[in-house]
Structure formats: C-alpha cells, structure tokens
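Student: Take this structure first; my questions come after.
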Amino acid sequence: MTPHGSAPTTTTTTTTATATTGPATTGPATAGVRTSRRHLFRWAAALGGTAAVTGCAGSVSRAAAPARPERITDPAQALDLLREGNRRFSAAPERRTTLSAQRREHLADGQHPFAAVLSCADSRVPPELVFDQGLGDLFVVRTAGHVVAPPVLGSLQYAVEHLHVPLVLVLGHTGCGAVSATLDAVRGASAPTGTAVDSLVDAIRPAAERALDGPDTDRHLPDAVRFNVSAGVDALAQDPVLARAAGDGHLRVAGATYDLREGTVTLL
Numbered sequence: 168m169t170p171h172g173s174a175p176t177t178t179t180t181t182t183t184a185t186a187t188t189g190p191a192t193t194g195p196a197t198a199g200v201r202t203s204r205r206h207l208f209r210w211a212a213a214l215g216g217t218a219a220v221t222g223c224a225g226s227v228s229r230a231a232a233p234a235r236p237e238r239i240t241d242p243a244q245a246l247d248l249l250r251e252g253n254r255r256f257s258a259a260p261e262r263r264t265t266l267s268a269q270r271r272e273h274l275a276d277g278q279h280p281f282a283a284v285l286s287c288a289d290s291r292v293p294p295e296l297v298f299d300q301g302l303g304d305l306f307v308v309r310t311a312g313h314v315v316a317p318p319v320l321g322s323l324q325y326a327v328e329h330l331h332v333p334l335v336l337v338l339g340h341t342g343c344g345a346v347s348a349t350l351d352a353v354r355g356a357s358a359p360t361g362t363a364v365d366s367l368v369d370a371i372r373p374a375a376e377r378a379l380d381g382p383d384t385d386r387h388l389p390d391a392v393r394f395n396v397s398a399g400v401d402a403l404a405q406d407p408v409l410a411r412a413a414g415d416g417h418l419r420v421a422g423a424t425y426d427l428r429e430g431t432v433t434l435l
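For the sequence shown, position 254 (counting from the first letter as 1) is numbered 421 according to my numbering, and the numbering increases by one without interruption.
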C-alpha cells in the first residue's frame, strides 16, 4: 500500500518460507493442451514455485505468497502483511493464493486472523483478494459505504476482544456508489426512499456535507470517500473497547482507500 500524507512508516521482518496453506494436489499434464497464461500461474502457485511465461511481453515470474506466523500480535507487522499482499495483487491480479485441504481442516479447530477489515460491500472490493490473503487471514465486515452501525461495531469488538486482532482497517474505494448517492441526496437531487437505504445516507451524510464545502466539484466524490473513511476510523478509535486495546499498544485502527482501476491501496 502507498502511504498518504504523513502516515507512519513501519519496518518489520516477515518469513518467506513456503506458504502455510501448503501445496495443492495437481493432476497429470496433458500433451497438446493449450494452456493460458492464467492457468500457468495457477499451476505454478499450486506447486509452490514460480511460473515463467514467454510471450510478446517477455518473461513473467510470480512466487507463492510468503508464510506468516500462526498468531500476529504486532499492529505494524499486520499492516505490513496487508501492504505486501496488495503489492502482489496489484502487480499480478491473475494470481491467486493456493489453498490446501489441510489448511481448511486446520482452521476448523480455530481462527487467528491477523487483521479485521471493515470495507464497502461493493462486489469489486473483496478484501481477501485485494490483500492477497486466504482462509483464516482476515476478519471481514462489509456494508455499503462501510458504515459503523451497532452490529458492525459489535463484530469488530469481537475481533479485538476474542480473536485479538492487532489491526482494524477501514477500507473505502474510488467511485463508491453509496457515497455518490449520499452526495446526490445532500444536493437535493434525490428524495428519501422510505427504505433502510436511507439509514446509509444518514450515516454518510456528514462526510458528504464536508466534501461539498469544497469549491472543486471534481473533488466532491473522492473527498467524500476519504472523509467517510476518516469518520469510520474516528468512530472506531473512540469506542471504549477498541480504545482500551489501542491504549495498551495491542491495536491500531487505520484507514485506506482502494483504487478500482489501479488495484492499489493507499493509507490515509
């Protein structure tokens, strides 16, 4: 992820052994079958190695995602894992982290996610893919506009208190439809729907009103998205449960935005 503004820089050491998911079982090779570039990446990932594909663009090499310890307790290390995962995803989104039956069975006995992510429910922003993570890695809560409603807050409190995640990340994204609809509502271009959708507008309204104070109309939507992420971070940071964990040095609450076109995540 690319830091935005003066976000603190963290330095951690991560393990680069074979992925904890382990190698998946592969089938026999079949002569004469045309294999696409995507399929070659998947075969290489399943074997725990790299793929080299020669084409008009030359040679492409992709390694398996590095392993991580079973438990992550350092907020800085958790944030670095997300940064590194997004770098892998934005560089080669066709690659997928492998998953073995052994890993799935192991997780049936318990989970130790290293981060909780509150993200928009937009189908183009799945955190597990955006951060190149697998089963058991992220505790994800999603609503349109990533609003901090009571059930959302309760879910994140559970992640912090019972699963001991060291990082909670609020993730917005470019072109957010919920934020755009709220801007229209604040401008008076749309009337209340009389449905629960209005509760989303009410939650996002402060960020939209703040963005509309700006003179540059082209910045209204991106600014509202960013302000909405910041509002979510502030709301979570003020929660007594999360604030206590943060005060003890066990938790960091951070915000970021995802670029739909570039595939990159930028920290606020």
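Backbone N, C-alpha and C define an ideal beta-carbon position, used for all residues, glycine too.
Which class does Ser286 belong to by DSSP, given the choice of helix, strand or coil?
Tutor: strand
Student: Could you name the residues of the same chain whose beta carbon sits closer than 7 Å to that of Ala398, not counting the 5 residues immediately before and after it, in chain order?
Tutor: Pro373, Ala374
Student: Helix, strand or coil: which one does DSSP assign to Phe281?
Tutor: DSSP places Phe281 in coil when its eight states are reduced to three.
Student: Is Ser228 helix, strand or coil when you go by DSSP?
Tutor: At Ser228 the pLDDT is 41, less than 50, meaning the model places this residue with poor confidence; the figure from the coordinates comes in the next sentence. Collapsing the DSSP output to three states places Ser228 in a strand.
Student: Are the beta-carbon atoms belonging to Arg377 and Thr424 less than 8 Å from one another?
Tutor: no
Student: Taking the alpha carbon of Asp390 as the reference point, which residue from Leu350, Asp406, Leu367 has its own alpha carbon closest?
Tutor: Asp390 has its Cα closest to that of Leu350, out of Leu350, Asp406, Leu367.
Student: Could you give the uninterrupted runs of the alpha helix (DSSP H) lying entirely in the stretch 276 to 349, keeping only those of 4 residues or more?
Tutor: 294 to 297, 317 to 328
Student: Considering Cα atoms alone, identify which of Gly430, Leu409, Leu427, Asp304 is closest to Phe420.
Tutor: For clarity, residue 420 is Val in the given sequence; the question names Phe instead. Closest by alpha carbon: Leu409.
Student: Would Gln405 be called buried (16 or more neighbouring beta carbons within 10 Å of its own) or exposed?
Tutor: Gln405 should be labelled exposed.
Student: State the DSSP-derived secondary structure class of Arg271, mapped to helix, strand or coil.
Tutor: Arg271 carries a helical assignment under DSSP once its states are collapsed to helix, strand and coil.
Student: Can you tell which of Leu427, Ser267, Gln300, Pro293 has its C-alpha closest to the C-alpha of Val308?
Tutor: For the residues Leu427, Ser267, Gln300, Pro293, the minimum Cα distance to Val308 belongs to Pro293.
Student: By the DSSP assignment, the beta strand (DSSP E) with Leu388 in it spans what residues?
Tutor: Segment 387 to 404 is the alpha helix (DSSP H) holding Leu388; no beta strand (DSSP E) there.
Student: Among Ser357, Leu427, His273, which one has its Cα closest to the Cα of Ser257?
Tutor: Leu427
Student: Determine the contact status of Ala282 and Leu305, defining contact as a CB-CB distance below 8 Å.
Tutor: It is a contact, given that the beta carbons lie within the stated cut-off.
Student: Around the Cβ of Gly381, are there at least 16 other Cβ atoms within 10 angstroms (buried) or fewer (exposed)?
Tutor: exposed
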